Amino acid sequence: MEVKKEGRYTKEYMEPEKRSIGNFVEIVFKDGSTIGPIALDYPVGHARRREEAIPLIAKKLRKYLEDHFDEARESKIMSLIEDHKALAAMPVPEFVDMTLAQGLIVRLARTPGSV
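Just so you know, the UniProt record's numbering puts 9 at position 9 of the sequence shown, and the rest follows in order with no gaps.
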């Protein structure tokens with residue numbers, strides 16, 4: 001892998017009216033064939049694409065909850081997240097305890113140096 005700095009991206013990141021966090025990728029295979037370059041100045045998650053990102057983040061959260069919690073706990077967590085007032089009033093350790101998957105806690109406890 002070879003990484004090269006492209007000055008335009010650094011310049012546009014530093015411009016307050018842009019704050020671009022762009023990059024591009026080009027893949028060159030051993031036989032000389034290529035894919036790209038594929039460029040993106042404002043990836044999903046950038047402030048300019050916030051509205052577009054919110055549904056994707058929510059989908060990712062729901063998938064995580066489905067994979068790690070039973071339906072009742074998933075529903076409780078989602079209700080809390082959607083109730084900003086209740087979430088803001090909840091002590092952080094309580095929220096962390098609620099959202100940690102039991103399997104993750106067990107794996108961390110068994111992994112030397114992880115805690």
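Every residue, glycine too, gets a C-beta built ideally from N, C-alpha and C.
Values in this document were obtained by computation on a predicted structure and should not be read as measured data.
Residue environment, residue i, which counts as buried when at least 16 other CB atoms sit within 10 Å
i	result
residue 123	Beyond the ends of the chain as shown, which are 1 and 115, falls residue 123; an answer cannot be given.
S79	exposed
V115	Any reading at V115 needs caution, since the residue's pLDDT is 49, under 50, leaving its predicted position unreliable; the model's value is listed next. Burial call: exposed.
L87	exposed
Nearest neighbour of residue i, chosen from the options [CA to CA]
i	options	result
N23	A53, F29 and P37	P37
E74	V3, L87, M98 and I54	M98
V3	V28, V96, E15 and P16	V28
R19	G45, D31 and M1	G45
L100	A53, P55, E66 and M1	E66
Beta strand (DSSP E) segment containing residue i, residue limits
i	result
I21	Taken as a continuous stretch (DSSP letters only), I21 belongs to no beta strand (DSSP E), as it is neither H nor E.
G7	Taken as a continuous stretch (DSSP letters only), G7 belongs to no beta strand (DSSP E), being part of the alpha helix (DSSP H) at G7 to M14.
A53	Looking at the DSSP string, A53 is not in any beta strand (DSSP E); the run it does join, the alpha helix (DSSP H), is R50 to H68.
Terminal residues of the alpha helix (DSSP H) in which residue i lies
i	result
A88	H84 to A89
P93	V92 to T99
Cutoff 8 Å: residue i Cβ touching any chain C Cβ
i	result
I38	In the structure shown, chain C cannot be found, because there is only a single protein chain.
Inter-stretch contact at 8 Å, needing at least 3 Cβ pairs: the segment 9–25 / the segment 36–53: yes
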